[in-house]
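Structure first, then comments.
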Amino acid sequence: MQKYDVIIVGAGPAGSTCALFLAEKFNRNVLLIDKENFPRDKVCGGYLTSRVFRRFKYLKGKISEITEVPTYGSHFYGPDLAKLSWIKEQPVGYLALRLKFDNYLKELAVSKGVKFIGGNEVIDLVVAENRAKVLTQNGSSHSADIVIGADGVRSLIAKKCNIHEKPGVMSKGLCVESEFQVPEEFLDENFGRNRPTHYYYGFGNIIGYAWAFPKKTHVNVEIGGPTKQGREMGRSFLEFLDYLKEEMLLPKSFEITKKFKAALIPTSTALYLNQSYSDRVLLAGDALGVASSISGEGIYQSMASGEDAAIMANQALDDQKFDSNYLRQYAKIWKKDLGRELKTAGNIMMQLSSSENINDLLRKMKIFFDRMKEERDLFDYFATTFFGIK
1211 MQKYDVIIVG AGPAGSTCAL FLAEKFNRNV LLIDKENFPR DKVCGGYLTS RVFRRFKYLK
1271 GKISEITEVP TYGSHFYGPD LAKLSWIKEQ PVGYLALRLK FDNYLKELAV SKGVKFIGGN
1331 EVIDLVVAEN RAKVLTQNGS SHSADIVIGA DGVRSLIAKK CNIHEKPGVM SKGLCVESEF
1391 QVPEEFLDEN FGRNRPTHYY YGFGNIIGYA WAFPKKTHVN VEIGGPTKQG REMGRSFLEF
1451 LDYLKEEMLL PKSFEITKKF KAALIPTSTA LYLNQSYSDR VLLAGDALGV ASSISGEGIY
1511 QSMASGEDAA IMANQALDDQ KFDSNYLRQY AKIWKKDLGR ELKTAGNIMM QLSSSENIND
1571 LLRKMKIFFD RMKEERDLFD YFATTFFGIK
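Under my numbering, the first residue of the sequence shown is numbered 1211, with each subsequent residue one higher.
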């Protein structure tokens, strides 16, 4: 059985980014494992804010290859559907298909020497004094000095290490999503060639967001909020689709079916875990819980946490120290990187989801949107923070 420096479980943006940094920058021997064969799709809007390309500069020359279209801004809607527009002359982000984007990141890591195994789920983790070992569905086993769990919101690696949310905390949200293939001419005419995204807050009495993301020949539609509103989410999603048809953001000829995808969103969950590490183990991406509860953005944060995990793993390998007491430094690394924005978004979501008075919360949302209409500086601050421009 070959022993690796690092095994990464999960080949999404966090896992593939982590693998790339470990192999290319730190010259480590890395195994990347995913339960799915690639390319594979993912429940996600596929929005890449401009800061993805500012930080991960190796992607900048590949924008046309890994994304569908640039987006030049957004329209924001409050609970009363009054619109605030924020449109710029230069792109503020790019819209991608996760099928293509995630596969590119994985292939990039492989091109730098990472070994990839797809279609083989990790079903167990055994941590011993001198190594960590993962067991897979097909009966194979692999060992390494350190394992990084980038295996999503229902992380097996976290579960095996008894990493969980602190008692009394429910930070995860729920989203319902579908992606529709739409003629490019329809999107050009009804969204515009500058492809602004549309965000709706408080739609259908959901304490969260809904969106419509126009890509080249697809529209990604999603609604998300607290898990306690799960029963209402499906109904509100169907209402949202009907609304988009009325507004000509989806073709009126579309037949709306009840076939859509649902997933948990780990919104700021990282702040509420008992820990983000264990003996010979680190978490990254959705397993760590770094998505924004305000914008739904998670790709940048996942990639950032993947880089953070690579830095910590490399340091541990240099020092040959893998116990949890040593790896606790990891929390300082990712919190310095992402902690402030997660705390801001998490506090807002916790306040909203802890209240029982939905009408009062919707009223407060409307007040906030009305204030942004009157105070352009506040709106600009909101939008630039929202998109990670500042």
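Note that CB positions come from ideal geometry on N, CA and C, so glycine has one too. None of these values were measured; they are calculated from a predicted model.
Limits of the unbroken beta strand (DSSP E) element including residue i
i: Asn1535; result: That residue, Asn1535, is in no beta strand (DSSP E); its alpha helix (DSSP H) goes 1534 to 1537.
i: Leu1459; result: Segment: none, Leu1459 is in no beta strand (DSSP E) and carries neither H nor E.
i: Asp1355; result: 1351 to 1359
i: Leu1258; result: 1257 to 1259
i: Lys1676; result: The first residue shown for the chain is 1211 and the last is 1600, placing residue 1676 beyond what the model contains.
i: Pro1424; result: 1419 to 1424
i: Ala1501; result: That residue, Ala1501, is in no beta strand (DSSP E); it is neither H nor E in DSSP.
Residue i: first and last residue of the uninterrupted alpha helix (DSSP H) it sits in
i: Asp1398; result: 1394 to 1400
i: Cys1228; result: 1223 to 1230
i: Gly1516; result: 1509 to 1529
i: Leu1493; result: Unbroken run through Leu1493 is the beta strand (DSSP E), 1491 to 1493; no alpha helix (DSSP H).
i: Ser1388; result: From DSSP, Ser1388 is part of no alpha helix (DSSP H) but of the beta strand (DSSP E) over 1383 to 1391.
i: Glu1234; result: No alpha helix (DSSP H) holds Glu1234; DSSP gives it neither H nor E.
i: Ile1276; result: 1273 to 1276
Close-in-space but distant-in-sequence residues of the same chain around residue i (CB under 6 Å, 5 per side omitted)
i: Lys1316; result: Ala1221, Ser1226, Phe1248
i: Gly1328; result: Asp1244, Asn1247, Phe1248
i: Val1645; result: Here the chain has residues from 1211 to 1600 only, and residue 1645 is not among them.
i: Phe1236; result: Asn1524
i: Ser1502; result: Ala1555
i: Gly1612; result: Absent from the structure is residue 1612, since the part of the chain shown begins at 1211 and ends at 1600.
i: Phe1231; result: Glu1517, Ala1520
Cβ-Cβ separation, residue j to residue i (assumed contact under 8 Å), whole Å
i: Tyr1282; j: Arg1405; result: 7 Å
i: Val1219; j: Ile1243; result: 5 Å
i: Ala1420; j: Val1429; result: Actually they do not touch by this definition, with Cβ atoms about 13 Å apart.
i: Asp1251; j: Leu1318; result: Wrong, their Cβ atoms sit about 19 Å apart, outside the cutoff.
i: Gly1359; j: Ala1497; result: 5 Å
i: Ala1514; j: Cys1228; result: Their Cβ separation, rounded to whole angstroms, is 10 Å, which puts Ala1514 and Cys1228 out of contact at 8 Å.
i: Gly1435; j: Ile1417; result: 5 Å
i: Ser1534; j: Tyr1487; result: 6 Å
i: Leu1241; j: Lys1325; result: 5 Å
i: Ser1512; j: Ala1224; result: 4 Å
i: Ile1367; j: Leu1483; result: No, Ile1367 and Leu1483 are not in contact; Cβ-Cβ is about 13 Å, not under 8 Å.
i: Tyr1409; j: Ser1284; result: 6 Å
Contacting residues, own chain, Cβ-Cβ under 7 Å from residue i (five flanking each side not counted)
i: Gly1444; result: Val1386
i: Thr1479; result: Glu1375, Ser1381, Lys1382, Gly1499
i: Glu1449; result: Gly1414
i: Gln1347; result: Asn1330, Glu1331, Ile1333
i: Asn1313; result: Phe1248, Pro1249
i: Tyr1510; result: Thr1259, Arg1261, Val1262, Gly1598
i: Asn1616; result: Lying before the first or after the last residue shown, residue 1616 is absent from the chain, which here runs from 1211 to 1600.
i: Phe1532; result: Asp1355, Ile1356, Asp1489, Arg1490, Ala1526
i: Leu1454; result: Ala1422, Val1431, Leu1460
i: Phe1266; result: Met1513
i: Leu1451; result: Val1431, Leu1460, Ile1466
Beta-carbon proximity list for residue i, same chain, < 8 Å, skipping 5 on both sides
i: Ala1473; result: Val1253, Val1363, Leu1384, Cys1385, Glu1387
i: Arg1341; result: Lys1213, Ser1353, Ala1354, Asp1355, Arg1490
i: Lys1469; result: Ser1388
i: Leu1345; result: Val1332, Ile1333, Asp1334, Leu1335, Val1336, Ser1351
i: Gln1391; result: Thr1427, His1428
i: Arg1538; result: Gln1485, Tyr1487
i: Glu1299; result: Tyr1282
i: Lys1471; result: Val1253, Val1386, Glu1387, Ser1388
Short CB-CB distance (under 8 Å) between residue i and chain C
i: Asn1400; result: Note that chain C does not occur in the displayed structure, where there is just one protein chain.
Cβ pair count under 8 Å reaching 3, the stretch 1530 to 1544 against the stretch 1248 to 1264: no
Contact between the stretch 1284 to 1302 and the stretch 1573 to 1586 (3+ Cβ pairs under 8 Å): yes
The stretch 1457 to 1465 in contact with the stretch 1322 to 1338 per 3-pair CB rule at 8 Å: no
Three or more C-beta pairs below 8 Å linking the stretch 1305 to 1313 and the stretch 1269 to 1279: yes
Meets three-Cβ-pair contact criterion under 8 Å: the stretch 1515 to 1528 and the stretch 1391 to 1411: no
Within the stretch 1281 to 1323, ranges of the beta strand (DSSP E) (whole runs, at least 3 residues): 1283 to 1287, 1293 to 1297, 1303 to 1305
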